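A short write-up of the structure that comes next.
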Amino acid sequence: MTWYILIGVVVVLFFGYKLTTAKPRKAANIIALSLGIKRQFVDNMLSAMGPERGRLFVQNIVNWGDKDNCGVYTFVVYQIMKNDSEQNIKWWKSKLIENNIDPKMEYSKAEAAFAYLKDSGADRSQIDNFIGVYNSIS
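Sequential numbering from 10 applies to the sequence shown in our numbering.
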């Protein structure tokens, strides 16, 4: 009898975990598949966003899809914030081109990315500077 209870608890915990992480996993998969990268990299970005902004980001991606590639651009901005070398920017631009996504960063996309990434150190006053540097590198 004890084994049945133990197995029941394990099954409930497993399905509970799967249900609570379904939306973040789906959002991460959408972005990862768009760029051809591993989902774990997107999971790291979601963790860095903080709970409130991360939840809002996941909700937007899951409910509306990534029609305007907002999630992809947010991920690219996050990666460039981590390593802003010219070589890294060129690599991410080539990754965007490889996946048929326009590599040009528009103000609205950068603004959305900086808003989501505020808890991970993004400063909205640096958007113009970021766009200027990003778009000047080819």
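Just so it is clear, CB atoms sit at the ideal spot from N, CA and C, and this is done for glycine as well. Fair warning: this is a prediction, and the values are worked out from it, not measured in the lab.
Work out the CA separation of residue j and residue i for me, nearest whole Å.
i             : j             : result
tyrosine 125  : leucine 65    : 8 Å
arginine 62   : lysine 47     : 22 Å
alanine 122   : methionine 54 : 11 Å
glutamate 120 : leucine 15    : 49 Å
valine 67     : aspartate 77  : 15 Å
tyrosine 143  : valine 81     : 15 Å
asparagine 92 : lysine 32     : 28 Å
serine 145    : lysine 104    : 17 Å
methionine 10 : glycine 25    : 23 Å
asparagine 69 : threonine 30  : 15 Å
Let me know the secondary structure DSSP gives residue i once reduced to three states.
i              : result
glycine 17     : helix
threonine 29   : helix
aspartate 77   : coil
isoleucine 46  : coil
leucine 22     : helix
asparagine 138 : helix
methionine 90  : helix
asparagine 53  : helix
aspartate 111  : coil
glycine 59     : coil
leucine 65     : helix
serine 147     : coil
Apart from the five residues on each side of it in sequence, which residues of its chain come closer than 7 Å, Cβ to Cβ, to residue i?
i         : result
lysine 35 : Val71
Closer than 6 Å by C-beta to residue i: which residues in its own chain qualify, once you throw out the five before and the five after it? Chain order, please.
i          : result
lysine 102 : Pro112
alanine 37 : Arg48, Val51 and Asp52
glycine 59 : Asp128
Check your understanding: Should the stretch 127-137 be regarded as contacting the stretch 103-115, the criterion being three or more beta carbon pairs within less than 8 Å?
Key -> no
Check your understanding: Are the stretch 37-45 and the stretch 68-85 touching by the rule of at least three beta carbon pairs closer than 8 Å?
Key -> yes
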